[in-house]
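Have a look at the structure below, then the notes.
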Amino acid sequence: MNVQTPHSERRVHLDAATAGHTPAAVRAVVTESLHREDEYGTHELEEYLEDVVHTEVHERLGALLSVPASDTATVTGAADAFRDLLGRLPLGPGDRIWTTPYEDVARLTALFALRDRTRCRLDVVPLDADGDLDLEWMSAHIDDDVALVSVPLVPAACGIVHPVEEIGRILAPHRCLYAVDASYAIGQLPVDAARIGCDQLTADGWRFLGGPPSAGFTHTTPRLRSTLAQGAPALEQAPHSAAVAGLNTALILHEKETAAPRENLYPYLRETVERTPGTALIAPGRTQSGILAFHHTERPAAQLRRELAARGILLRKTVAQEMPLYLPERGITTALHASLHQDSTPQDITRLGQALTEIANAHRSTTTPLPRAVGDPPAARPRPQRGTRGHLTLL
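The numbering of the sequence shown is the numbering used here, which starts it at 363 and goes up by one.
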């Protein structure tokens, strides 16, 4: 089926969590910087952007995260900054690391590498009956053997919002370092690193912020910096000056956006997708962000994404291995994300609902349901009673 988008209808971007729709002002700054580098050379560009790269962007990051500007750094991406941290942690066989079922594959791979290098133990914090991290379990099991706790504020593959401030209060009396990834939260939710109480906060700048690719940032505390092994090589790479200038412009635009009221469209988005025949939501937890993940019991996510794109609606496809401790366990191999941004409108969501219904109706009489492993979650298992929930140790 080849459905073309009417020329009168604009494209609906519901994929801000993938790579935000880059504002024209950001593109212009990056383009002008690259032209200047091509004309005059790298050193002249660095001198031209010196104040932006070394001062202005850090002041804006400090204001965004409510931390001192001197505790921020620009990086090529959040995953790079996290790998750099793990590569310099002085851990050993007696140490434990806590991660969550919602950890993304890049950070989980880095944690596996740390475990293999140091012989530390890697434990997975269990979930409660609602799919939230079990804070009672964390409070009962935290001790000074725990050296690092890694939590995504919003995971890569679904829209749950974790209570990172409450977790910070649980961890505060103990020796463990606390690392939070805010890549899928920054730009859509307020993020106060000081209130969270984390030692490292990482984020990509090209998602909801709409910055250029390969420009992210990190906040680190003096406590963390004093803990890192001296002499261990830094792995992170500084982003290109043009990318930092583009990130700085995206932060300027974000400051203006946050001053304007923003309608909460998530309930309408959820209702619209949920009532489409054949769709099943991936929405664990009691608190959700502006990201809604779902899959279809009859249509593969890749095909559904292409058919939506042909109708001018852009969504993100995700695969199970992006969140390998959560999605495969529930029999989900592929899914779609709809993610809202400042310029999303109710009309955008209405068009999504109409398109999903059209696609479902067009295929209803000709398709055979896919095997259970692709769409439907496995049969429900008895849930352990609160207080008896055990964690998983990744051997």
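Every residue, glycine too, gets a C-beta built ideally from N, C-alpha and C.
Here the structure is a predicted model, which is why all the values come from computation and not from measurement.
DSSP state of T712 mapped onto helix, strand, coil: What you label residue 712 is simply residue 350 of the sequence shown in a count that begins at 1. Three-state result, T712: helix.
Per DSSP, F656 forms a beta bridge with which residues? Within the sequence shown, numbered from 1, the residue matching residue 656 stands at position 294. According to DSSP, F656 bridges with L643, L698.
Counting C-beta neighbours from all protein chains within 10 Å, is the total for S395 16 or more, i.e. buried, or is it exposed? Working through the sequence shown from its first residue, we reach residue 395 at position 33. Under this definition S395 is a buried residue.
Boundaries (first-last residue) of the beta strand (DSSP E) holding Y540: By one-based count along the sequence shown, residue 540 stands at place 178. Run containing Y540: 539-543, per the beta strand (DSSP E) assignment.
Cβ pair H383, G572 closer than 8 Å: Translated into the one-based positions of the sequence shown, residue 383 becomes position 21. Translated into the one-based positions of the sequence shown, residue 572 becomes position 210. Taking 8 Å as the Cβ cut-off, H383 and G572 qualify as a contacting pair.
Answer yes or no: do L563 and T589 have a C-beta to C-beta separation smaller than 8 Å? In the sequence shown, counting from the first residue as 1, residue 563 sits at position 201. In the sequence shown, counting from the first residue as 1, residue 589 sits at position 227. Not closer than 8 Å, so no.
Given this structure, state the Cα-to-Cα distance separating G652 from A519, to the nearest angstrom. Residue mapping note: residue 652 aligns to position 290 of the sequence shown, counting from 1. Residue mapping note: residue 519 aligns to position 157 of the sequence shown, counting from 1. Going from the Cα of G652 to the Cα of A519 covers about 12 Å.
Nearest candidate by alpha-carbon position, reference N723, set L666, P690, L615: By 1-based counting over the sequence shown, the position of residue 723 is 361. The candidate whose alpha carbon is nearest that of N723 is L666.
As assigned by DSSP and simplified to three states, the class of D566: What you label residue 566 is simply residue 204 of the sequence shown in a count that begins at 1. Of the three classes helix, strand and coil, the one that applies to D566 here is strand, per DSSP.
Rounded to the nearest angstrom, how far is the Cβ of L510 from that of L451, given a contact under 8 Å? Working through the sequence shown from its first residue, we reach residue 510 at position 148. Working through the sequence shown from its first residue, we reach residue 451 at position 89. L510 to L451, Cβ: 7 Å. Contact.
Going by DSSP, what residues sit across from R678 in a beta bridge? Residue numbering aside, residue 678 sits at position 316 when the sequence shown is read from its first letter. Within the DSSP bridge table, the entry for R678 names H699 as partners.
Quick one: does E684 have its CB under 8 Å from some CB of chain C? Protein chains in the displayed structure number just one, and chain C is not present.
Cutoff 6 Å; reference V391; Cβ partners in own chain excluding five residues on either side: Sequence index remark: in the sequence shown, residue 391 carries index 29 (1-based). A607, G608, T611.
Tell me the rounded alpha-carbon separation between A605 and D442. In the sequence shown, the residue the question calls residue 605 occupies position 243. In the sequence shown, the residue the question calls residue 442 occupies position 80. Using only the alpha carbons, I get a separation of about 16 Å.
Let me know if E669 comes out buried or exposed under the rule of 16 or more other beta-carbons within 10 Å of its beta-carbon. Along the sequence shown, one-based indexing puts residue 669 at 307. Burial check for E669: the Cβ neighbour count within 10 Å reaches 16 or more, so the residue is buried.
Using a Cβ-Cβ cutoff of less than 6 Å, which residues in the same chain neighbour T750 once the five nearest sequence positions on both sides are dropped? Here residue 750 corresponds to residue number 388 of the sequence shown, with the count starting at 1. Only weak support is given to the placement of T750: the predicted model assigns it a pLDDT of 45, under 50, and the question is left unresolved by the model.
Taking 8 Å as the threshold, find out whether the stretch 476-493 comes into contact with the stretch 445-459 through three or more Cβ pairs. yes
Quick one: which unbroken beta strand (DSSP E) runs of 3-plus residues sit fully inside the stretch 480-560? Chain order, please. Taking only runs of at least 3 residues, the beta strand (DSSP E) segments lying wholly in the stretch 480-560 are 483-486, 508-514, 539-543.
Going by the DSSP bridge assignment, what does I459 pair with across the sheet? Residue 459 sits at position 97 when you count from the first residue of the sequence shown. Looking at the DSSP output, I459 sits in a beta bridge with L484, L510.
On the DSSP bridge assignment, give the partners of F579 in chain order. To locate residue 579, count along the sequence shown from 1; it is residue 217. As computed with DSSP, F579 is found in a beta bridge with T436, A565.
Can you tell me the Cβ-Cβ gap for F656 and V681, rounded? I've got them flagged as a contact below 8 Å. Walking along the sequence shown from the start, residue 656 turns up at place 294. Walking along the sequence shown from the start, residue 681 turns up at place 319. That pair is no contact at about 14 Å.
Closer than 7 Å by C-beta to R713: which residues in its own chain qualify, once you throw out the five before and the five after it? Chain order, please. Against the sequence shown, residue 713 aligns to sequence position 351. So the qualifying residues of the chain are V374, I675.
Please report the straight-line C-alpha distance between A544 and V526, rounded to a whole angstrom. In the sequence shown, the residue the question calls residue 544 occupies position 182. In the sequence shown, the residue the question calls residue 526 occupies position 164. If you take the alpha carbons of A544 and V526, they lie about 10 Å apart.
Buried/exposed call for Y628, threshold 16 Cβ in 10 Å: Here residue 628 is taken as the residue at index 266 of the sequence shown, counted from 1. When all chains shown are included, Y628 counts as buried.
C-beta atoms of R678 and A379 nearer than 8 Å: Within the sequence shown, the letter at position 316 stands for residue 678. Within the sequence shown, the letter at position 17 stands for residue 379. A contact, by the Cβ cut-off of 8 Å.
Using the C-alpha atoms, what's the distance from A431 back to L411? Taking the sequence shown and counting its residues from 1, one reaches residue 411 at position 49. Taking the sequence shown and counting its residues from 1, one reaches residue 431 at position 69. Approximately 18 Å, taken between the alpha carbons.
Three-state secondary structure (DSSP) of H602: In the sequence shown, residue 602 corresponds to position 240, counting from 1. Judged by DSSP in its simplified three-state form, H602 adopts coil rather than helix or strand.
Per-residue burial, Y402 [other beta carbons within 10 Å of its own, 16 or more giving buried]: Numbered from its first residue, the sequence shown carries residue 402 at position 40. With fewer than 16 Cβ atoms within 10 Å of its Cβ, Y402 is classed as exposed.
Opposing strand residues paired with V374 [DSSP bridges]: Looking up residue 374 in the sequence shown gives position 12. According to the DSSP secondary-structure assignment, V374 is paired through a beta bridge with I675.
Cutoff 7 Å; reference I504; Cβ partners in own chain excluding five residues on either side: For this step, residue 504 is matched to residue 142 along the sequence shown. The answer, listed in chain order, is I532, L533, H536.
Check whether the Cβ atoms of G549 and H616 lie closer than 8 Å to each other. As a position in the sequence shown, residue 549 is number 187, starting the count at 1. As a position in the sequence shown, residue 616 is number 254, starting the count at 1. Yes.
I'd like the list of long-range same chain contacts for A555, defined as Cβ closer than 7 Å, with 5 residues on each side in sequence excluded. As a first step, residue 555 must be located in the sequence shown, where it is residue number 193. Excluding positions up to five away in sequence, the list reads L427, S428, V429, L563, H581.
Could you tell me the distance, in whole angstroms, from the CA atom of L447 to the CA atom of L654? Residue numbering aside, residue 447 sits at position 85 when the sequence shown is read from its first letter. Residue numbering aside, residue 654 sits at position 292 when the sequence shown is read from its first letter. Approximately 30 Å between the Cα atoms of the pair.
Give the DSSP-derived three-state secondary structure of Q704 in the structure shown. Here residue 704 refers to the residue found at position 342 when the sequence shown is read from its first residue. Note: Q704 maps to coil in three-state DSSP.
Would you be able to state if there are at least three C-beta pairs under 8 Å between the stretch 417-425 and the stretch 681-693? no
L476 (DSSP reduced to helix, strand or coil): As a first step, residue 476 must be located in the sequence shown, where it is residue number 114. L476: helix per DSSP, three-state reduction.
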